[in-house]
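If you're matching positions, the sequence shown starts at 7 in our numbering and goes up one per residue. C-beta atoms are modelled at their ideal positions from N, C-alpha and C, and glycine is treated no differently.
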Amino acid sequence: MRQSSRRSLLFSPALLAAAPAWAQEQPWPSRQVRIVVGFAAGGANDIMARLLASKLGETMPGATFVVENRPGAGTLLAAEHVARAAPDGYTFLYASTSTLITPLINRGSTLDIPRDFTAVIMAQNSPLLLVSRPDFPARNLAEVIALAKQRGGRLTISHPGSGGINHLSLAVLMRDAGIELTMVPYNGNQPSLTALLRGDVDLASDSLFATRSLLESGTIRSIAITSAQRISTHPAVPTFAETLPGYEVTFWGGLFGPRGTPAPIVERLNHEVDAILRQPEVAARVRSFGADPMGGSSADYTRVVAQDWERWGKVVREVGVRSE
Numbered sequence: 007m008r009q010s011s012r013r014s015l016l017f018s019p020a021l022l023a024a025a026p027a028w029a030q031e032q033p034w035p036s037r038q039v040r041i042v043v044g045f046a047a048g049g050a051n052d053i054m055a056r057l058l059a060s061k062l063g064e065t066m067p068g069a070t071f072v073v074e075n076r077p078g079a080g081t082l083l084a085a086e087h088v089a090r091a092a093p094d095g096y097t098f099l100y101a102s103t104s105t106l107i108t109p110l111i112n113r114g115s116t117l118d119i120p121r122d123f124t125a126v127i128m129a130q131n132s133p134l135l136l137v138s139r140p141d142f143p144a145r146n147l148a149e150v151i152a153l154a155k156q157r158g159g160r161l162t163i164s165h166p167g168s169g170g171i172n173h174l175s176l177a178v179l180m181r182d183a184g185i186e187l188t189m190v191p192y193n194g195n196q197p198s199l200t201a202l203l204r205g206d207v208d209l210a211s212d213s214l215f216a217t218r219s220l221l222e223s224g225t226i227r228s229i230a231i232t233s234a235q236r237i238s239t240h241p242a243v244p245t246f247a248e249t250l251p252g253y254e255v256t257f258w259g260g261l262f263g264p265r266g267t268p269a270p271i272v273e274r275l276n277h278e279v280d281a282i283l284r285q286p287e288v289a290a291r292v293r294s295f296g297a298d299p300m301g302g303s304s305a306d307y308t309r310v311v312a313q314d315w316e317r318w319g320k321v322v323r324e325v326g327v328r329s330e
């Protein structure tokens, strides 16, 4: 009688109603899940996607998550591929803020990131860094602004590609500081930083991940960071906001499904990844390449994506950045 009562309790309608939706559905996943990445292997976004895929395989016994790199067209190839995929929970996109920006500047793209994708979870968020060679005369952002005004637009700054987050962050800097800079785009982080080292440009805008080894060796020097507050891994580096109040630019990375991905699957994947990001060793790994582990709900991420779509769309229109 006791056993029968316990069984009745375990399967009571009240308890089933209280369970997460994904726990009441058919088992997912029942086959391999792809995480498509619009970046080449070896970069921060690729590393993050592979970290999550590996950990998901550990925390979901029997499940297999694989990363598929589809770089090209500023991550547009990967985004369009996933947008066309069946919304069945077996194809996801690991995207960044640059993925959101690319359709805004590309005349041939009809992608609307908030409309065409289901935001699952934000995995990480990172600031950008303004760097120079050690012999550059300006040592902080106020001095860079003064030098830019003195040189009348002849101060040069490299960044890894037109229309990306680095490019638009510099456009916001010029607008807010009332200066002109000569921006020099390169095809990727390494060429942009190599140009700085060679003396082809005065400054560079890049990520903490891309600049880490050069900063550690003293080959380049930090000027300022774009986060709202100083960060624990680089506490001596001042923020842009200390000179330009209100200035903040960060770029996120996270998981998206095609529009219409079933809510129980989104909830399950969100739950699993959020728990992974709370693991101390995972959080430490994420911070080691200059990012903050994030997590949170799908609704949280959806709001951020909508806000950034509006914000960067406005900047694109103001600056007039467009590509064919």
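Asked	Found
Inside the stretch 39 to 109 only - alpha helix (DSSP H) runs reaching at least 4 residues	50 to 65, 82 to 90
Spatial neighbours of L147 in its chain, beta-carbon cut-off 8 Å, leaving aside the 5 residues before and after	L136, I229, A230, P244, F246, E248, T249, L250
Proximity below 8 Å, CB of N131 to CB of P166	no
Proximity of I226 and S138 at Cβ, strictly below 8 Å	yes
Inter-residue spacing [alpha-carbon to alpha-carbon] between V39 and A46	19 Å
Stretch-stretch touch, CB-based, cutoff 8 Å, three pairs: the stretch 159 to 176 with the stretch 293 to 307	no
Burial state of R56 (16 or more Cβ within 10 Å)	buried
Anticipated Cβ contact below 8 Å, V325 with S168, distance rounded	Actually they do not touch by this definition, with Cβ atoms about 11 Å apart.
Local Cβ density within 10 Å of L203, reported as buried at 16 or more and exposed below that	exposed
Residue(s) in a DSSP beta bridge with G263	T124
Proximity below 8 Å, CB of E74 to CB of V42	yes
Where M180 falls: helix, strand or coil (DSSP)	helix
Bridge partner(s) assigned by DSSP for R227	S138
Which listed residue (H173, P268, F262, I185) has its alpha carbon closest to that of R157	I185
When L82, Y96, S238 are compared against R37, the one with the closest alpha-carbon	Y96
Reduced DSSP secondary structure (H/G/I, E/B, other) of Q196	helix
Inter-residue Cα distance where the pair is G78 and G44	7 Å
DSSP three-state assignment for S213, whether helix, strand or coil	strand
Reference A183, options V190, T200, A154, L174, closest by Cα	A154
DSSP-derived helix/strand/coil call for S246	It should be noted that the sequence gives Phe, not Ser, for residue 246. Here F246 sits in helix by DSSP.
Host alpha helix (DSSP H) of T308 (start-end)	304 to 325
8 Å Cβ shell around V178 - same chain, five flanking residues per side excluded	Y253, V255, V321
Beta-carbon proximity check, L134 vs T108, cutoff 8 Å	no
Length of the line joining the Cα atoms of D141 and S223	15 Å
Rounded C-alpha distance that separates Y192 from R265	33 Å
Presumed contact (8 Å Cβ cut-off) between Y307 and G260, rounded CB distance	6 Å
Cβ shell of A91 (< 7 Å), same chain only, five flanking positions each side left out	T97, P264
Segment limits, beta strand (DSSP E) that includes S164	162 to 165
Cα-Cα separation, V292 to P241	17 Å
Endpoints, alpha helix (DSSP H) assigned at V292	286 to 294
CB contact flag (S211, L174, <8 Å)	no
CA nearest to the CA of V88, picked from G80, D94, L99	L99
Counterpart residues of T256 in DSSP-defined beta bridges	P133
Own chain residues within Cβ distance below 6 Å of A50, not counting five before or after	F215, F295
Closest residue to A281 among I53, S213, K61 (Cα-Cα distance)	K61
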